Amino acid sequence: RAAERALQRARDHLEDEVRARTFELTQTNENLSRAIEERRAAQALSTQFSAILDTLVRSAAIGFTFIDRDLRYVAINDALARMNGLPVEAHIGRQLRDVLPELAPHIEPVLRGVMESGEAIIDMEVEGKPPGGSGEKQFWLASYYPVRRMDGEVLGVGIFAQDVTARKRAEVERNELLQ
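The working numbering numbers the first residue of the sequence shown as 213 and each following residue consecutively.
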């Protein structure tokens with residue numbers, strides 16, 4: 213009889229442990245399922261945000277590019293490629309000095325300064341002759357922003373540029389008429 217009671221207690225204890233472990237595993241499974249669903253939702257949101265951003269950058273009338281720490285074009289939209297007088301493909305993977313040799317001596321120090329300081333430069337006037345253009349001097353209003361990783365490390369510089377050549381020429385003409 214004592215052996216039966218001991219065996220029953222052992223069986224009851226084992227069943228209690230199985231129930232507790234089953235409960236723990238069920239909780240863990242539910243937590244993992246929630247985490248997987250949250251991750252899927254975050255990935256879907258990230259994909260959607262990426263598509264929106266890509267569409268905005270590609271279709272914007274303002275020029276945009278991202279230049280990495282080696283001063284290579286990583287991304288550029290059609291608007292800025294047209295301002296430079298070259299197709300998008302002529303930019304990607306190439307260094308700024310190879311794409312815009314006349315402008316590089318003026319722009320590269322600005323890019324390095326933004327990366328070193330981590331500070332943006334807003335609405336800087338830039339002038340020069342793009343390689344695929346008419347050969348006439350062009351004018352741009354450009355803003356340079358440090359692009360950072362999540363940990364704060366600067367990956368490169370994002371540039372937004374607007375062609376203001378027509379406005380600058382109109383200002384020159386107006387000033388000449390006033391003199």
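Note that beta-carbon positions come from the ideal geometry of N, C-alpha and C, so glycine has one too. What you are looking at is a predicted structure, and each value in this text was computed from that prediction instead of being measured.
In the DSSP assignment, the residues bridged to S355 are F372.
Cβ neighbours of G344 within its own chain (closer than 6 Å, five residues either side excluded): G297 and L298. Cβ neighbours of R306 within its own chain (closer than 7 Å, five residues either side excluded): R284 and Y285.
Bounds of the alpha helix (DSSP H) holding I319 are A316 to S329. Within the DSSP secondary-structure output, A287 pairs in a beta bridge with F278.
With respect to Q350, D375 sits close: the two C-beta atoms are nearer than 8 Å.
Here the stretch 244–255 makes no contact with the stretch 268–285; the two share fewer than three CB pairs at distances below 8 Å. M295 carries a helical assignment under DSSP once its states are collapsed to helix, strand and coil. Burial check for I288: the Cβ neighbour count within 10 Å reaches 16 or more, so the residue is buried.
The Cβ-Cβ distance between F276 and V269 falls below 8 Å. Counting every other CB atom within 10 Å of its CB across the protein chains shown gives I319 a total of 16 or more, marking it as buried. Residue range T377 to L390 is occupied by the alpha helix (DSSP H) that includes E388, with no beta strand (DSSP E) assigned at that position.
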